Every structure is written in structure tokens, then in C-alpha cells.
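Asker:
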Amino acid sequence: MLAMDQGVVEEWLSEYKTLPDNAVSNYAASLKDKGALVPALYKVIRENYSDLLEPVCHQLFEFYRSGEPWLQRFALQFLPELLWSLLSASSARDPHTSGCIEALLLGMYNLEIVDKDGQSKVLSFTVPSLSKPSVYHEPSTIGSMALTEGALANHGLSRVVYSGPHLQRETFTAQNRFEVLTFLLLCYNAALSYMTPSSLQSLCQLSSRVCICGYPRQQLRRYKGISSRLTVTSEFLVQLITGIHYALCNGDVEVGSRALDDVLYRAQLELFPEALLVGNAVKSSMHCAALKSNNKEGARSIQVEITPTASRISRNAVTSLSIRGHRWKRHDAVDLGSPDELMEISEMDEGVWPGLTAPGDAAPPTITISNSFTTPSLGARAMKKCRLGGRTSKDKEAGPAPGGRAASESVELSVKRLTLTSSQSVPKAGALSSLTRTASAVFSRSFEASGTPVPNHLLHHHHHHHHLLHHAGSDAGAHEAGRYSCSMQEEGLGYLNPGPNHSPLSTSISVHLGPDL
Amino acid sequence: MTARKSGSRLETEIERCRSECQWDKIPELVRQLSAKLISNDDLGELLLAECKLQTYLKENPIKQGASPRGPRPNLLEVRKHLTAALDRGNLKSDYLQEASLLMAKLCYVEGEYRDALGHYGRVSLDELQLAGAPVYRLSIIAESYATKGLCLEKVPTASPLLSNNNTGSPALSNRTASERDQEIITCYEKSGDIALLYLQEVEKVCMSGIQNRSPKPGPAAHEQELGYFLETGLQRAHVIHFKNGNLTRGVGRFREILRAVETRTTQNLRMTIARQLAEILLRGMCEQSYWSPMEDPPTVSPLDDPAQQGHTHSNKTYSLSRRPRLYSGENLFCPQENTEEALLLLLISESMANRDAVLSRIPEHNNDRIISLQSASVVYDLLTIALGRRGQYEMLSECLERAMKFAFEEFHLWYQLALSLMAAGKSARAVKVLKECIRLKPDDPTIPLLAVKLCIGPLHWLDEGECFANMVVDMGEKAAEFRAKGYLAAGLVYSLKATDASLRGIQEEYQRKALGAFQRAQSLSPTDHLASFYLALQLAVSRQIPEALGYVRQALQLQGDDVHSLHLLALLLSAQKHYHDALNIIEMALSEYPENFNLLYTKVKLETLCRGPEEALLSCKHMLEIWKSFYNLTNPSDSGRGSSLLDRAIADRRQLNAMTLPDFSDPDTGSVHATSIAASRVEQALSEVASSLQSSAPKQGPLHPWMTLAQIWLHAAEVYVGMGKPAEATACTQEAANLFPTSHNVLYMRGQVAELRGNVDEAKRWYEEALSINPTHVKTMQRLGLILQQLQRYSLSEKVLRDAVQVNSTAHDVWNSLGEVLQAQGNAAAATECFLAALELEASSPVLPFTIIPRAL
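Okay, here's the thing in C-alpha cells:
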């Protein structure tokens, strides 16, 4: 590292410390004029052993904590570089070098997951629906095309949580690492328009390296850093793709498309459907855009031309619109596919399979562990975590506080105290016992008599029974869904949270409407 | 104010034809008109000029981007008509204005831009009345603004026409240049607004015409075409904004156009613009730089080219006396976030693209089909990007299902549908679609591998899985890096089949095949930790402990913090009875994976052995705390659909934990049998019945958290049973039973407690009930066998135990019990063999079965 760079960084370090409070926003605005500073800071982060790394991380955290948007964005632009430092250090199993970077990233994470009042932040958005009028459309003109299972289940706008609430994190573990990093990338992506070209480039580089290190493609890219494989998650890759997509459209096309290829390569090897899905879509849509305009300027590739407004499709071609008035003969519709087969599939997908994500979700009753330790108010906790730098690293070396163990007043696990508040409202065993008893009686008789090891007929019976239940349920559900949507219209509610009851049932509707596979 | 004379049928008819652009009828009408009054001659000239000019433009349309080329002989007549009308000057002022505007248009068509601008200067466009004007007039005004803009763009900037106010300064200052740019844009924006108004009005007139069954209905399917000038007026303003790098104003203009109530003619335009705006929102904006359509745009935005900032005014600089109608009403949905707006726009474009899907497959329509496919694919790709960002895979899969009408032989759409189904957890359907993808692209090894992943994991379709895995293996060298994965997949299928098999011979056959496949995978890809790990796991299952240890160490060298490798290492150490070492490994693993319940279960077992039950109980309590903090937090009540990013993340982790759980806990046998899966389905169905019997049971939603909770309680119960405390054990079991009353694990635990209390008959009853739910639960079979032996029903006991050995031949305590029964029956030789087998197996028996470690691709 050159002495000049060092000087620039040191000046930056001391300048902010002496800044009076009312000068902060002017200072923030003036930061972008310091041309030599940003490259110098990149160097500091890349050279893990630099003495400046710790004070730089500390100051970046101070920037982030200030709440001043421009200071936050200034700190955020280094996120890709910081992530790469952290990941490459953790793969080299050299935890000491990345201590202050870890602390900085955890600090940013812990700040971002709470709102101003210290409450856990929940990021949500509204899923628009064509069945509700908007500033851009009127439902009646859309026609009846949208009347599908999805439209019925979501008749109206639903608010969906896409991130949060998240837990405060004191340290990085293998388990939470990507959860934290994915969330940080989400924050980065929310500020993409403010990121500099060098930051975007750094993001693409990070994406490439994370995805190819340790795989044969590393040779192809001639990257000679670490050579061990880094674990990734599908969600992390999806966030990377979002950033790459922006970089592709607003920055370096070459670096961007290489990064996208590398992410897709890894997603294929890992068999990640989410990353493959989004990556393929980006690639395919960029392909179309590239055909339209082949600009090498690296400028914004958002280009719009005057397009003919007349339909490009000839009048006499049969389209879905023109076919709508056509009357089908009845027997045609029946022959579309074998409904039995589809029905069977839908059943499998409805989470009858245990341990799978069942669609729909209801809040579980809260479980109170009455002798659990009172958690300190979040505000205080957040404050504590904000203290960063050498201290935090020291705390970490001391090892994580031994949670509840030390304070546990008695060894005896008192069942009474670990009360499940939900238990009152959950079915009692007695309610079912008669059914079970009959079944088991049948079983033990056949068992004693013949000694068949696996009484299959019994299972069949149950299975069949369940099947019937399922069908009965579907009808009821369809009915209920209908009623529900009607009441929606009457009351004009803008918000619908489809009850969990509906979810296992709606599929039977889809079976009839779905395309013939 | 207007030129309309009420009562004159002829004039109304002329007005209607002009509004609806039925130029072919004008000459006849003019003939009728001049027959009435001589003074109508000038009007006739005007009408003929207009009709000839429009007809000419219809026959020789101006192409976008092309410049008009000089005077045309065909247009001489037009000029003659117009000059005649203008020179005589007898027309009413309205008509006179129209004649001037037509003259200007003619000048433009002939390339005389300055002349055209001169005409516009005389008419003063801004003073023309919009309110109450006949419909055709709106069109003329809109076209005039567009033409004026076109002319201004053509005329060199130093034109004296424009620098009237600062005469004499040949050097053009920046200010005037930007003022001029502004003037051009304003022309186009006004033109666009008035054009939208015109189209809305025309449609209104048409509709009322149809409703009133007017005596002279126009051609039924008469469709308005915009023509060059209106198209330019509608689109040129935002094209200039984007060209200048002024995204803020471009987006603003897009929104203005889209907010105007649609007409039949603007549908295609809206579809294009909606898609373009969505593209910009997804490619060029982020959450922080977004502003809602109802808000004022930010004064300084990172979206705009900094060089342009300050030069152009970001606010609207003109006003019109009449504007196009906008969508309005109560509770209009207005997006508040860029993804929301992009989604809304894409859903609108999608519904239109879908409407235009060309269904016929005859060759003549090939081109149309390609066009409709392309415009739809772009929309579906953007939808995928938007919904993928927000983790809404379920909704995405529904959207992509709608794309299937385009998808015949289109690999991209099929593949995207398959992936979205997979991401949405609709596994069975995903496999069906993947089959079609394989047919379309048989050389891609990723696709069958994705299918195996589903078959091994959520579906447990092992035969299908084997078939897919073999496809990859059969590709040989062609599969390149995926070849090793193919062997790995095959190995996993065989390994799972071995666990399912109920006959020992078949079991061993599959184990052998699995080992072979894993070895192959490991040799093909020695740097893949998964290959080494699964090889180690398979060796462990067949009780080759030292070899397994070697490979698991290798796996850990490649991937030091892999949770399953660490877990396997701990279990292997426990099989060698190095309980303390095993516990150390588990604790190390837990420091990296503090919330992994599988590790915690093993920890409880090891602690019972090393440190006594009190420690184990503390761990159980700790697990309950983790469970609480984990699932309490991640279940916000307002999440409408359960496939957000976070839900997905949890689901993935859950799957890891859940691999062993199809039979929800099975802490003891661990092995996932086909029968036990069936049992757990029965169990779940029964639980559903049970909860529906209860009036308002809240136990809904994802089952996994509840299974985990029940399992924690059962572990606690087991520890209490070990301590000889039946009351506490009963209480714990009851907690689990509250969640899953008909679980065979709960019933088994009840039996254990009953045994502890000395109620043999009651215990027997519980065990029998457990077996009625899951007939292959080995632990239960073993206990039942023992009780039957106590009751001196030896042959039945022997039968039960032999069945148990068939199910799991490595359960040493079953062999032991079998030995005891045989001994009691006086069959000493057989008993000895059983005891020996038990002894041998016990020496390599882990604290929990190796198969609790999930096997997934």
C-alpha cells in the first residue's frame, strides 16, 4: 500500500471524528468529490493485514450508524468487497484476519433488522391483483381470463412478508452466515441506484469467485486466490443475481455477463431451482435486449424506441381471444387429460407428505416457557451491539455467554413450568382413541391369528379413508372459498389473508382448470 | 364556438366520417354539400384536401425514423385545394385554422419544415379550444403538435425563427438550447395527451353509435389506426427523455400514458409501455430510488444523467384545458414499491399477451406465433425476475402455468415452469414437467438431476429416481462435471432403497450397489466433499466403521464445517464407544450450528451416557428455548402466502432436518421405511380428523415445527424413563400427545412409561396400538417381544422379534431379545447364534442410527 493512499485514509479517519454534528450532512455530500479516497479504502479492505483495517471498519460502521443516507450509502458501496474478504478468510480457516470485518457486517445487520424504535423490522409488499382496480387498470376490461385458482385464492390484494423478522446475531456461525449475508445483500440491492460502477464491478467479481472457486471453471477464469469450495445458498445466489442484473443494465456488460454465467454454472451444479429460475430469466431477457441494441458504451442500456401500435398479429390467426367465443362440444372438454392422475398428484403436493412445507401458514400459538430469562429490551440490546471495533472482537474471544445454562436455578426439568399455552386448544388424544382402538383391535386380531408381519389391508383402509376425507374436504372448501370471495366484495376489504383451511383444497379447482399436460 | 350547426344532417355526417377516418366517403358528401349552397365551396376544398392527404398517407405511410422526401406529384392537388381555401379566406375561423394546420402538415410531408413552422406560428396552437371541440378536431390538434415537434427537431438550432427574443446573437447559449429541447418535448407531450383524449372520445362516440343503433352504422369491425403522427406524438416525448438519460421524466411520462383510461386502439401501446416501464423499474431502479406514481418525483435522482441535471425542468411545464380521462374511483391500488409496480404492470401486459396467444399451428401463422411467443416470453421472464426477488414462487408457478399455451416445443418456458414448480414445493408436478424438458433437451444432465433431487427428497419415488439417475450415468463423458453427480444420485437412490427393503437379501444387494456408485462418484470427483461423505455414510450403515472414519475425515478436510460430516463423525466415534470424543465433536458442531435439532438429539443421547440424565434434561430445555425463539419469530401473522424468501430459507433448513422425519421423529429406528411413511400419512390424516373434531384447533400451517416440538418432548420423556421417573415422563409424553395423539412414537413412549410402572398389560396394549399405526417400528416390536416373553407366549414373541430383525438386521437389542426367547424355548444353539450376533453388532452400534443423517441431493 502506498504512503499516499495511507495518508488519504488517515486524513479521512481523523476528519470525520472532529466533525461537529451539524456539519455531517454537508460532509456526506462532499465525500464523493474525494477521488483518491474510495480506491484507497478498497486497497485497505483487500489487504487483510493492514493496520488501517480495524479503524476503517470502525469508521464505516459509524457512517452506517449515523442514519445519514449518504454516509450509509458510502459505507454500503464496500459491501461486496467486505463479503469477499469475509468469505475467503473463513474458507482459509483463518478467523483472526476477518475479526473486524465480521464485526462490521454483524453491526450493519443488527442495525438493519430493527426499525427506529428497536422493533424487529418486517419487510413486506403487496401482491397486486388484476381483480382490484388500480391506477393503471380497470378489472372489467381485463376480461375473465384471470379466473383461476390463484385468482380465487387471492381475490384482492394480499400483503406478503418477504424478509424478516430476523434474530439479532452476536457471532457468525456456519448456520447463520448466509442468512446474515443474504439479508445484507438485500439491503445493498435496495440501494443499487446509488452504487458506484466500481462497487458494481466488485459485486460481479464477488459473484464469480464465490461460485467458481474450487470447481474446474476456476482454471478457465484464471483466478488464483483461494482454491477451496465455498458453500452457498440458493437465496444468496438470487440476491447476487439481482445485483448482477442491475450491473448488466447499467454498467459493465462484460463483467456482468461473466458473473451471471458463473452463478448459473454453480446453480446447476448445486441444483438450486430458485437461482436457476431467476438466472435463466435474466439471461433470456438480456439476450432479447442485446439483440435490439448492441451498445458497447457501457452506459445505461435502457433504451426505448417508438413502436408500432397496431397489432403485429394477423387478423385471421386463431388466438386465445378469438377462440373465446367458440363453443366447444362437451365431450371434448372431458377428454383433455386423465383427471385421476392429476388428482393424485395434487394430493401429493398438498403437504400430505410429512415434513414438507405445507402451503398456507397460520401463526402457531405462542409457546411460553415461563421460567425463561426475561430478555432485555431490544433497544438496549441493539445499543450494546452497536459498540464495535476492538471491544467486540475481544468479547468474541471470551466466547459466547453461556446462555441460560449458568443461571438455571434448578437442574430438574420441571414439566409444569415449561407450559405449552397452546396445549389446551390442541386435540386431545381421547377424541380419537375410539377410532384408533377399533383399528388396533382389528390389527391385533389379525396379528395374533395369522402373524402377518405387515397388515397391508389396514393401511389401505386408512389410506382410502383419508382419500375420501380429502375429497369431501375439497368440495367444502371450494364452497367456502366462493363464499369468502363474495363477502370480500361486499365489504370491500383491501386485504385478504386466505385462511389455511383453503389452501389444501384449492388444488382440486386447479385440476379442472389447469392446462392439459 | 363550434362549427356544428344543429339540425344539419349532412354536417353531422361529415363530422362523423372525419372522426372515424372514413375518408372514402368524403368526396360524395362534398358533392352533396356543394349542391346545397355555393358558399360551401371553400369548405369543400378543405374537406377534399384533407381526404386526399389522409388517403395518400394511408397508402404511403411514413416510416418511423425516415425523413419525408420533397414534393410529391400526388400532393399537388391537395396544395391546390388548400391554397384556394386559404386565399379566398371566406371560411369560418375554425375551418380556416384547420386549413392552415393541414397546410402545415402538407409542408412537413414534403419536407418544408420552416414553412410548416410558419403556418403553426400563425395559427397559435396553444389557443385552440379543446373543450367542446368536435372529435376530429382533437385529432387534428394532436397531429399538429406532433408535427410541430418533428419540424423543430429537423430545423437547425440556429434558426432565426426561434431566436426571435434574443436576436442578433449567433452563438447559441446553453440556455436557449435547453429551452428549445423543452419546447420540443412539450409539443410531443401535448400531442400525446390530446391524442389520448381523442381516442377516448372516438371510442365513446362509437359505443353510443352502436347502442343507439344509428341508421347508418359504420363497418362493424372498424378499427382505428393511429398513423405516423399520433404514434409519434404519443411516444416521442419519452423516447427523448430516455435518450437524454432523464429517467425520472421518462418514467413520469410512461405513467401518465398508462394512467389514462385505455381504448381499443391504445391496447397494444399500453402493453408495450407497461412492459417497458416494468423493465425500467426492474433494471434501472431500486427500492431507495423509487417514487410512487402519486408522488412528486425527487428533485435529484441518481437515475438521471448528472450532465443533464439542472438543465431540464423536472416538473410539468404546460397545462391543457382538457385532459384525457384517468382511472379513478375509490380505493384505487397504487403501488408503493418498485417490485409492486413492476408486478402490476407485468400482470396487465401478461393478460394482454395471453389474449394474443396464437393457437393455430398451421404454417401460414408461423410468423404470428413467433411474435406472440416473443412478446409473451419477455413478459414472463420479467415476471420471473420480479417474483423471484420477492420469493413468490407459488404465484410464479401459477403465472407460468398460464404461459403453457405458448409452450409447445419451447424448452425455455417448460424449464422455467418446472423450476418454478420445484421452488414452490409442487414436487410431483415438477417431475412431470421435467420429463417433458428432458424430452426437449435430452443432452442436458442438469434436468434429470433436478428430477432425482425431487424423487429422493420430498417425493420418495425411488424407482423413478433410479431411472433419472441412470440417464445421467448413461450420458457418460458427455455429462462432464455432472457425471459424478449422476453416480452420487444413483448411490443415494440405492441407499434409500436398501433402507426400505424388508428382505435382507435385497437390502444387501442395494447396499452393495450404493457403495459401488458412491465409490465411482468419489473417484470421479475427489474434491467433492459430498461424494466422500456419502461413501462414509454408506460404509457406516453397513458397519464398516474404520473405513467410514477414513472417508468422513476426507470429507471434513474438503469442507470443514459441513454439519452432516461432523454429525457422522460423532456417531462413528460413538459406535467405537468413544462417547466423550463424540460429545466433543457434537459440541463443536453445535457451536457452528446452534439451532440444528438433529445434532441436539444426538447430544441428549450422548450426555445421558457421559454426564448423566440431568445434563441431558438441560439440553432438552435448551432445545425448547431454541424452538420457541426460532418459530415464534418466523411466523408473522400477516404473511399472506407462505413462500417468502425467509419461509423458503427455513423450509430448506427444515428439509435438512426433516429428511429423517417423514415418520416424524423415529428417534430410535431412524430409518425411513416406506411403511413408516405410509404410517405417518395415516397419522397425519388421523390428526387432521382429530383437530377437526375439536372446535377451533389452531394447529395448522407447516407441520414441521410441531413435529420438532413433539420430538423434543419425547426425548425428554425418554430421559425421564431412563431416570425411572414415570410421572414426569408421562407429562412430557402428554405434551407430545397433545400435538400428535396418534403418533406411534407417542404410543410407544406411553408403553415404556407403563412398563416402568409395572403395568405389563397396559404396556402391551400401547405397543399394539403403536404397531397398528406403524407395523415396522422396530423399537416397539422389540419391547412387545419382550413383554410377550414375560407373558410366556414364546412363539408369538419369537415371531414378532424375527419380523423386527427382518426390518432392521443391525438392531443388536432385538437379536439379544430373540436370543433370550429362543433360550427360554430351549433352543440353545440358535440362542447362542443370536447372542453372538447381538454382541458383534453392539460393538459397532452408534448411539443413534446412522440413518438419522439425511440423505439428499
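Residue numbers (the numbering used here), protein chains in the order written: chain A, 3 to 519; chain B, 791 to 1647.
Backbone N, C-alpha and C fix where the C-beta goes; we use that ideal spot for every residue, glycine too.
These numbers were taken from a predicted model, which means no experiment stands behind them.
Residues in its own chain within less than 6 Å of A:R231 by CB, not counting five upstream and five downstream?
Answerer: Taking the first residue of the first sequence as 1, we reach residue 231 of chain A at position 229. Excluding positions up to five away in sequence, the list reads G216.
Asker: Using 8 Å as the limit for Cβ to Cβ distance, is B:R1179 near chain A?
Answerer: Stepping through the second sequence from its first residue, residue 1179 of chain B is reached at position 389. Yes, contact with chain A.
Asker: For the putative contact between B:A1203 and A:V320, defined by C-beta atoms under 8 Å, what is the C-beta separation to the nearest angstrom?
Answerer: Stepping through the second sequence from its first residue, residue 1203 of chain B is reached at position 413. Stepping through the first sequence from its first residue, residue 320 of chain A is reached at position 318. According to the sequence displayed, residue 1203 of chain B carries Leu and not Ala. In fact, because the Cβ distance is near 19 Å, the residues do not count as touching under 8 Å.
Asker: Please check if any C-beta of chain B sits within less than 8 Å of the C-beta of A:A1.
Answerer: With chain A running from 3 to 519 in the structure shown, residue 1 of chain A is simply not present.
Asker: Report all residues from its chain with a CB closer than 8 Å to the CB of A:Y267; omit the five preceding and five following residues, and keep chain order.
Answerer: Here residue 267 of chain A corresponds to residue number 265 of the first sequence, with the count starting at 1. Excluding sequence neighbours, A:Y267 sits near C213, I214, Y217 and R219.
Asker: Mapping the DSSP letters down to three states, classify B:S824 as helix, strand or coil.
Answerer: Along the second sequence, read from residue 1 onward, the residue named residue 824 of chain B stands at position 34. Three-state DSSP puts B:S824 in a helix.
Asker: Given a threshold of 16 other Cβ atoms within 10 Å of its Cβ, counted over all protein chains shown, does B:L1396 qualify as buried or as exposed?
Answerer: The count along the second sequence starts at 1 and reaches residue 1396 of chain B at position 606. Buried, since its Cβ has 16 or more Cβ neighbours within 10 Å.
Asker: Run through DSSP, which three-state label would A:R161 get?
Answerer: Here residue 161 of chain A corresponds to residue number 159 of the first sequence, with the count starting at 1. Note: A:R161 maps to strand in three-state DSSP.
Asker: Using beta-carbon positions only, say whether A:G253 and A:P167 come within less than 8 Å of one another.
Answerer: Stepping through the first sequence from its first residue, residue 253 of chain A is reached at position 251. Stepping through the first sequence from its first residue, residue 167 of chain A is reached at position 165. No, the Cβ-Cβ distance between A:G253 and A:P167 is not below 8 Å.
Asker: DSSP beta-bridge partners for B:F1123?
Answerer: Stepping through the second sequence from its first residue, residue 1123 of chain B is reached at position 333. Beta-bridge pairing links B:F1123 to A:S136.
Asker: Can you give me the start and stop residues for the beta strand (DSSP E) that A:L125 sits inside?
Answerer: Translated into positions along the first sequence, residue 125 of chain A becomes position 123. Element bounds for A:L125: L125 to V129.
Asker: Please determine, among B:I1160, B:P1125, B:V1509 and B:L989, the residue with the shortest C-alpha to C-alpha distance to A:P130.
Answerer: Residue 130 of chain A sits at position 128 when you count from the first residue of the first sequence. The shortest C-alpha separation from A:P130 is found at B:P1125.
Asker: Looking at the C-beta of B:G1460, does it have a partner C-beta in chain A at a distance below 8 Å?
Answerer: The count along the second sequence starts at 1 and reaches residue 1460 of chain B at position 670. A caution first: B:G1460 carries a pLDDT of 34, below 50, which makes its placement in the model too unreliable to give a value.
Asker: State whether the region 915-933 of chain B contacts the region 982-993 of chain B, with contact taken as three or more CB pairs (one from each stretch) at a distance under 8 Å.
Answerer: Using a Cβ-Cβ distance cut-off of 8 Å, the region 915-933 of chain B and the region 982-993 of chain B are in contact, since at least three pairs of beta carbons, one from each stretch, lie closer than that value.
Asker: Taking the beta carbon of A:N28 as the centre, do at least 16 other beta carbons fall within 10 Å, making it buried, or is it exposed?
Answerer: Within the first sequence, numbered from 1, the residue matching residue 28 of chain A stands at position 26. Counting Cβ neighbours within 10 Å, A:N28 comes out exposed, since fewer than 16 surround it.
Asker: Looking only at C-alpha atoms, which of B:A1326, B:L1071, B:S1364 and B:K1195 sits nearest to B:L1346?
Answerer: Working through the second sequence from its first residue, we reach residue 1346 of chain B at position 556. Out of B:A1326, B:L1071, B:S1364 and B:K1195, B:A1326 has the C-alpha closest to the C-alpha of B:L1346.
Asker: For a test of the three-state rule: what should DSSP assign to A:V116, helix, strand or coil?
Answerer: Locating residue 116 of chain A in the first sequence gives position 114, where the first residue counts as 1. Three-state result, A:V116: strand.
Asker: Check this for me: beta carbons of A:T311 and A:F238, under 8 Å apart or not?
Answerer: The count along the first sequence starts at 1 and reaches residue 311 of chain A at position 309. The count along the first sequence starts at 1 and reaches residue 238 of chain A at position 236. Remark: C-beta atoms of A:T311 and A:F238 do not approach each other more closely than 8 Å.
Asker: Exposed or buried, B:D1318, counting other C-beta atoms within 10 Å across all chains shown (16 or more means buried)?
Answerer: Position 528 of the second sequence, counted from the first residue, corresponds to residue 1318 of chain B. It is buried - the Cβ of B:D1318 has at least 16 other Cβ atoms within 10 Å.
Asker: Along the alpha helix (DSSP H) that carries A:E172, what are the first and last residues, could you check?
Answerer: Numbered from its first residue, the first sequence carries residue 172 of chain A at position 170. That residue, A:E172, is in no alpha helix (DSSP H); it is neither H nor E in DSSP.
Asker: With 8 Å set as the bound, which would you pick, yes or no: does the beta-carbon of A:F127 sit closer than that to a beta-carbon of chain B?
Answerer: By one-based count along the first sequence, residue 127 of chain A stands at place 125. Closer than 8 Å to some Cβ of chain B, the Cβ of A:F127 qualifies, so yes.
Asker: Tell me the residue span of the alpha helix (DSSP H) that contains B:S1585.
Answerer: Taking the second sequence and counting its residues from 1, one reaches residue 1585 of chain B at position 795. Start and end: Y1584 to V1597.
Asker: DSSP three-state call for A:S313: helix, strand or coil?
Answerer: In the first sequence, the residue the question calls residue 313 of chain A occupies position 311. Here A:S313 sits in coil by DSSP.
Asker: Quick one: which chain A residues come within Cβ less than 9 Å of B:Y1183?
Answerer: Here residue 1183 of chain B refers to the residue found at position 393 of the second sequence. The contacting residues are P275, E276 and L279.
Asker: Hey, is A:S32's beta-carbon within less than 8 Å of any beta-carbon in chain B?
Answerer: Counting from one through the first sequence, the residue named residue 32 of chain A turns up at place 30. It does not; no Cβ of chain B falls within 8 Å.
Asker: With H, G and I counted as helix, E and B as strand and the rest as coil, what does DSSP make of A:T321?
Answerer: Here residue 321 of chain A is taken as the residue at index 319 of the first sequence, counted from 1. In the structure shown, A:T321 sits in a strand (DSSP, three-state: E or B).
Asker: Counting only beta-carbon atoms, is B:G1609 nearer than 8 Å to chain A?
Answerer: For the purposes of this step, residue 1609 of chain B is identified with residue 819 of the second sequence, where counting begins at 1. Answer no: the Cβ-Cβ gap between B:G1609 and chain A never drops below 8 Å.
Asker: Since I believe A:R67 is in contact with A:L113 (beta carbons under 8 Å), could you give me their beta-carbon distance rounded to a whole number of angstroms?
Answerer: On the first sequence, residue 113 of chain A is found 111 positions in, with the first residue counted as 1. On the first sequence, residue 67 of chain A is found 65 positions in, with the first residue counted as 1. Indeed, because the Cβ distance is near 6 Å, the residues count as touching under 8 Å.
Asker: Distance cutoff 8 Å, beta carbons only. Does B:N1549 sit that close to anything in chain A?
Answerer: Looking up residue 1549 of chain B in the second sequence gives position 759. No, no contact with chain A.
Asker: Identify, in the order they occur along the chain, each residue of the same chain with its Cβ nearer than 8 Å to the Cβ of A:E272, setting aside the five sequence neighbours on each side.
Answerer: Counting from 1 along the first sequence, the entry for residue 272 of chain A is found at position 270. Excluding residues within five positions, the ones whose Cβ falls inside 8 Å are V234 and S236.
Asker: Hey, B:A1667 and B:L1358 are a contact pair by Cβ (cut 8 Å); roughly how many whole angstroms apart?
Answerer: Residue 1667 of chain B cannot be examined here, being either before or after the span of chain B that is shown, 791 to 1647.
Asker: Among the candidates B:K853, B:K895, B:D884 and B:V899, whose CA atom is the shortest distance from the CA of B:R862?
Answerer: Here residue 862 of chain B corresponds to residue number 72 of the second sequence, with the count starting at 1. Closest option to B:R862, Cα to Cα, is B:V899.
Asker: Contact between the region 1600-1608 of chain B and the region 1621-1634 of chain B is defined here as three or more beta-carbon pairs at a separation below 8 Å; is this criterion met?
Answerer: yes
Asker: For B:I1138, return the contacting residues in chain A, with the cut-off set at a CB-CB distance below 8 Å.
Answerer: Taking the first residue of the second sequence as 1, we reach residue 1138 of chain B at position 348. Simply L132, Y138, H139 and I144.
Asker: Could you check whether B:N1128 and B:C1076 sit closer than 8 Å to each other, using their CB atoms as the reference points?
Answerer: The residue given as residue 1076 of chain B occupies position 286 in the second sequence. The residue given as residue 1128 of chain B occupies position 338 in the second sequence. Cβ atoms of B:C1076 and B:N1128: closer than 8 Å.
Asker: For a test of the three-state rule: what should DSSP assign to B:V1148, helix, strand or coil?
Answerer: Translated into positions along the second sequence, residue 1148 of chain B becomes position 358. In the structure shown, B:V1148 sits in a strand (DSSP, three-state: E or B).
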